[in-house]
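Numbering (the UniProt record's numbering), first residue to last: 1 to 312.
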């Protein structure tokens with residue numbers, strides 16, 4: 001019969017999206033800890049619009065729909081339709097002849113994660129990836145609707161179960177890797193290979209120097225991903241100003257007068273900014289602007305040039 005799981009998935013997803021758009025003022029301590037030392041990979045917005053990337057996504061959707069047509073399962077979105085394990089379970093069953101002891105439709109988050117764990121264990125054996133460090137997906141990423149991990153998994157499945165399937169070759173995308181540690185936030189741009197090139201050629205690296213700043217790129221993402229970045233930055237700021245008895249809850253508002261920014265620079269660079277050099281309690285726009293201008297001058301002096309940032 002017709003599976004309704006994918007129909008019920010849409011409103012569930014809708015609720016989650018709505019929750020993601022709220023920027024929570026209260027920092028969840030568990031959430032904060034989860035950032036520490038963790039690397040997050042986020043696809044560059046420019047790569048999301050790359051026609052080769054779009055073609056690969058469509059090819060995977062078509063492949064899944066063709067494979068699961070006898071079971072009347074139709075998917076539309078790689079992000080929204082694979083996270084609960086239903087489609088992956090049917091793919092594994094159809095392509096690999098594997099029957100797993102999992103429930104057909106998992107509605108709770110815990111049930112979905114359990115189902116994915118069983119599927120992943122079986123898949124890891126079937127796909128035979130020799131080095132586990134090369135596996136670019138896991139239960140958490142798939143359940144969190146991580147597009148990058150989902151595509152890596154599907155490409156690996158297609159190669160293992162249907163090696164003659166003609167997926168678009170040589171699809172590469174740029175990802176920003178954001179890492180939060182005690183000393184700061186590192187972000188770097190890397191090229192990630194999704195499908196191999198049939199003909200090996202030297203990659204063109206001339207465009208690297210013209211690349212936009214990774215954080216600028218990140219802030220063009222949809223709201224829930226921007227919030228992930230904002231929370232990481234907020235966590236980093238609070239770690240460094242806590243010993244001054246300060247706590248930042250709203251980055252957009254609390255940085256506007258330059259006070260927190262100046263104190264943060266002092267903390268990070270280990271120098272004291274005399275109180276007569278800036279306005280600790282600015283009362284008007286010109287005093288706020290004076291603070292921000294001083295902060296940018298200090299950053300310039302220590303070698304951090306930010307020509308694209310206007311103090312205003």
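Beta carbons are placed, not taken as given, at the ideal position from N, Cα and C, and that holds for glycine.
Selected residue, minimal CA-CA separation from residue i, among the options
i: residue 123; options: 285, 90 and 171; result: 90
i: residue 272; options: 312, 295 and 289; result: 295
i: residue 233; options: 49, 223 and 248; result: 248
i: residue 53; options: 224, 147 and 81; result: 147
i: residue 64; options: 226, 139, 157 and 38; result: 157
i: residue 162; options: 293, 67 and 50; result: 67
i: residue 60; options: 276, 254 and 155; result: 155
i: residue 197; options: 222, 224, 169 and 178; result: 169
i: residue 145; options: 276, 286 and 42; result: 42
i: residue 78; options: 297, 62 and 92; result: 62
i: residue 84; options: 112, 257, 38 and 58; result: 112
i: residue 304; options: 281, 275, 265 and 276; result: 265
i: residue 285; options: 256, 179 and 103; result: 256
i: residue 105; options: 95, 225, 73 and 97; result: 73
i: residue 96; options: 152, 107, 166 and 160; result: 160
i: residue 143; options: 179, 109 and 277; result: 109
i: residue 76; options: 92, 58, 86 and 278; result: 58
i: residue 235; options: 98, 185 and 245; result: 185
i: residue 114; options: 127, 92, 86 and 94; result: 86
C-alpha gap between residue i and residue j, whole angstroms
i: residue 129; j: residue 71; result: 29 Å
i: residue 171; j: residue 47; result: 10 Å
i: residue 176; j: residue 40; result: 8 Å
i: residue 193; j: residue 173; result: 7 Å
i: residue 242; j: residue 260; result: 11 Å
i: residue 141; j: residue 283; result: 46 Å
i: residue 139; j: residue 120; result: 7 Å
i: residue 268; j: residue 240; result: 7 Å
i: residue 288; j: residue 312; result: 9 Å
i: residue 250; j: residue 189; result: 27 Å
i: residue 28; j: residue 231; result: With a pLDDT of only 41 at residue 28, under the threshold of 50, the placement of this residue in the model should not be trusted; the figure read from the coordinates follows. Roughly 10 Å separates the two Cα atoms.
i: residue 183; j: residue 263; result: 16 Å
i: residue 88; j: residue 227; result: 29 Å
i: residue 102; j: residue 81; result: 18 Å
i: residue 100; j: residue 38; result: 32 Å
i: residue 135; j: residue 195; result: 14 Å
i: residue 254; j: residue 292; result: 12 Å
i: residue 275; j: residue 181; result: 29 Å
i: residue 49; j: residue 56; result: 12 Å
i: residue 280; j: residue 51; result: 51 Å
i: residue 137; j: residue 126; result: 15 Å
i: residue 164; j: residue 94; result: 16 Å
i: residue 245; j: residue 238; result: 10 Å
i: residue 297; j: residue 277; result: 12 Å
Range covered by the beta strand (DSSP E) that runs through residue i
i: residue 343; result: Residue 343 is absent from the structure shown; the chain starts at 1 and stops at 312.
Helix, strand or coil at residue i [DSSP, three-state]
i: residue 182; result: coil
i: residue 145; result: coil
i: residue 107; result: coil
i: residue 256; result: coil
i: residue 61; result: helix
i: residue 200; result: In this prediction, residue 200 has a pLDDT of 49, which is less than 50 and means its spatial position is unreliable; nothing more can be read from the coordinates.
i: residue 49; result: coil
i: residue 304; result: coil
i: residue 152; result: helix
i: residue 247; result: coil
i: residue 267; result: helix
i: residue 311; result: coil
i: residue 122; result: helix
i: residue 102; result: coil
i: residue 166; result: coil
i: residue 229; result: helix
i: residue 277; result: helix
i: residue 113; result: helix
i: residue 136; result: coil
i: residue 237; result: helix
i: residue 272; result: coil
i: residue 12; result: Model confidence at residue 12 stands at a pLDDT of 37, short of 50, so the residue's coordinates are unreliable; what they give is reported in the following sentence. Residue state, collapsed to three classes: helix.
Which residues DSSP lists as bridging residue i, in chain order
i: residue 193; result: 172
i: residue 187; result: 178
The alpha helix (DSSP H) enclosing residue i, as first and last residue numbers
i: residue 39; result: No alpha helix (DSSP H) contains residue 39, which is instead part of the beta strand (DSSP E) from 39–43.
i: residue 289; result: 285–301
i: residue 281; result: Taken as a continuous stretch (DSSP letters only), residue 281 belongs to no alpha helix (DSSP H), as it is neither H nor E.
i: residue 71; result: Element bounds for residue 71: n/a, residue is neither H nor E.
i: residue 96; result: 86–96
i: residue 78; result: 78–81
Min CB distance residue i to chain B below 7 Å
i: residue 259; result: Of the protein chains in this structure there is only one, and it is not chain B.
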